[in-house]
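Remarks on the structure that follows.
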Amino acid sequence: MKSSISLSFSVAFDKNDMTGDMDKDSLEARISGLSFYVDFDNYTEYSIEGGYLKTEPNNQHDPNAIAIFHESGKHIGYVSKECILGVKKFTDGDNAPCLIYIAPFIDKEGEKGLKGVVRIFRYYDGQAGYVNNMMEHFINVYALKLKDELEEFEAKIHEKYESLLTDSPDDEGHITFKGVPLNGSIEKVRAKIMNAGFDNDGESLTGQFAGLKVKIYVGGNEELNHVYSVIVVSEQERSWESLKSKYLNVRELYMRKYGNPTTDSRTFCDPYYEGDGDELEATENQKCLYSSKFTVPGGEVSIFIINRSVMFNFEDAINKKLLGEDEEYEEADDCDEDYDAYDDI
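FYI, the numbering for the sequence shown is 426 to 770, going by the working numbering.
This is the structure:
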């Protein structure tokens with residue numbers, strides 16, 4: 426936590442107006458628009474930072490708008506509308522220094538977000554020491570507040586995460602991925618897959634599956650927030666021989682576990698053919714029709730070669746029908762290995 430902040434401003438208030446009262450010589454206002462300027466998932470530094478206000482008389486949406494900037498020049502948000510008149514009266518309409526306080530929170534719906542306030546200071550010409558003393562005081566106040574906020578947030582996150590890992594009675598009968606039933610909210614299934622040993626990489630989850638280094642995407646109806654599929658994509662290969670070998674290996678694993686595939690294809694479309702040296706290019710152009718589909722308990726698993734990678738598509742039969750999701754990856758048409766990964770599929 427920063428213990429002091431030094432700012433330089435040319436704004437000067439009448440020295441005779443000094444009250445010597447920290448509360449009267451500073452003003453707190455709520456920050457609006459944080460979600461537009463600060464990305465929660467990429468924001469990790471919750472602290473008290475120096476900043477400044479800047480009026481925007483040419484703002485086409487609101488000529489009374491007062492922008493809030495971090496001392497680095499990054500736009501943080503705006504003074505909330507209900508605070509604008511008070512802030513303008515306090516600063517006489519001039520720009521002013523401030524402290525920016527941002528903390529995480531969980532709303533009533535259980536969603537994560539950011540909230541923030543600014544503490545605005547009158548800046549008296551030749552009285553930098555007085556302003557710095559005010560800043561020191563409020564840094565200490567906000568530091569204690571932030572400590573409590575972060576502890577409360579951590580507790581709620583832990584409680585929420587634990588609830589996501591709880592099995593539901595209606596999970597039975599659904600297809601599973603790494604023992605995780607593909608049923609419930611997207612967030613719940615992601616949390617369970619992470620708990621099974623995969624890392625969160627933002628948009629995807631990463632880890633090892635069937636002996637391959639992969640990225641995992643949880644698919645579902647976003648409007649209803651309900652899962653019906655998981656897509657697993659391996660790292661791209663540099664040679665056709667390596668890519669084909671890995672595809673055939675995982676295909677063999679599934680055949681040992683579930684029997685012959687319900688659909689199976691290994692061919693290329695014109696102008697490509699196996700042996701022409703352009704097989705990887707064919708996979709990028711979706712002209713390589715290597716695919717196998719297996720009926721498994723609760724749904725289907727399809728294996729493809731696409732874009733230099735081996736791809737798995739786990740589809741839950743119950744939720745796919747329930748959600749009315751008809752989208753499928755295009756299937757093929759006319760146009761001794763170490764099996765330690767056996768239990769992985």
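Every residue gets a Cβ at the ideal spot worked out from N, C-alpha and C, and that includes glycine.
With a Cβ-Cβ cutoff of 8 angstroms, do residue i and residue j count as a contact?
{"i": "F465", "j": "L539", "result": "yes"}
{"i": "H651", "j": "I743", "result": "no"}
{"i": "V658", "j": "S734", "result": "yes"}
{"i": "F618", "j": "L630", "result": "Just to set this straight, residue 618 is Ile in the shown sequence, not Phe. A contact, by the Cβ cut-off of 8 angstroms."}
{"i": "I491", "j": "Y462", "result": "no"}
{"i": "R544", "j": "S451", "result": "yes"}
{"i": "P686", "j": "F737", "result": "no"}
{"i": "T692", "j": "L714", "result": "yes"}
{"i": "T480", "j": "G518", "result": "yes"}
{"i": "L748", "j": "N608", "result": "no"}
{"i": "I509", "j": "G476", "result": "no"}
{"i": "K613", "j": "L589", "result": "yes"}
{"i": "I728", "j": "V675", "result": "yes"}
{"i": "Y627", "j": "K585", "result": "As written in the sequence, residue 627 is Gly, which differs from the Tyr given in the question. Cβ distance not < 8 angstroms, so G627 and K585 don't count as in contact."}
{"i": "S505", "j": "S457", "result": "yes"}
Identify the residues that DSSP records as bridge partners of residue i: which are they?
{"i": "K638", "result": "Q633"}
{"i": "R547", "result": "R547 pairs with nothing; no bridge assigned."}
{"i": "L452", "result": "I545"}
{"i": "K735", "result": "The sequence shown places Val at residue 735, rather than the Lys named in the question. V735 is bridged to I730."}
{"i": "R691", "result": "Y715"}
{"i": "S654", "result": "G644 and E740"}
{"i": "L524", "result": "G475 and R544"}
On the three-state DSSP scale, how would you describe residue i?
{"i": "C713", "result": "strand"}
{"i": "G702", "result": "coil"}
{"i": "P488", "result": "coil"}
{"i": "P594", "result": "helix"}
{"i": "E474", "result": "strand"}
{"i": "H599", "result": "coil"}
{"i": "Y697", "result": "coil"}
{"i": "F515", "result": "helix"}
{"i": "V463", "result": "coil"}
{"i": "K533", "result": "coil"}
{"i": "G723", "result": "coil"}
{"i": "F494", "result": "strand"}
Mind reading off the beta-carbon distance from residue i to residue j? Whole number of angstroms is fine, and I expect it under 8 angstroms.
{"i": "Y653", "j": "E740", "result": "7 angstroms"}
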